[in-house]
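Contents: one structure, followed by commentary.
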Amino acid sequence: MKNTARHWRRNSPCAEMEAFFSIFHPLLQIAIKQHASPSVPREVRREIDGEFIKEVATKSWSLIRPCLEMVIDERRKQR
């Protein structure tokens, strides 16, 4: 995961993508640790996973959308 995040940060088409990975990577690590912990009850793990997915989906779309629009605009100009 670290290599992937580093690769995307280095090769990101815009600052929004870098911001996405700076938010997403730590959240993913926390979720994995919480999910893997046997001391956390199953119901709590499900709730953590659900909240995590909602948070990542919301933040990722708000960060990635401007970047995708910029990339699409650039490709349209090239045609």
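According to our numbering, the sequence shown is numbered sequentially starting from 7. We put the CB at the ideal spot given by N, CA and C, even for glycine. Remember, predicted model here, so these are calculated numbers, not experimental data.
- Take the alpha-carbon of R85 and the one of E75: they are about 16 Å apart.
- In the three-state reduction of the DSSP assignment, R82 falls in the helix class, which pools H, G and I.
- DSSP, reduced to helix, strand and coil, places P47 outside both helices and strands of the structure shown, so it counts as coil.
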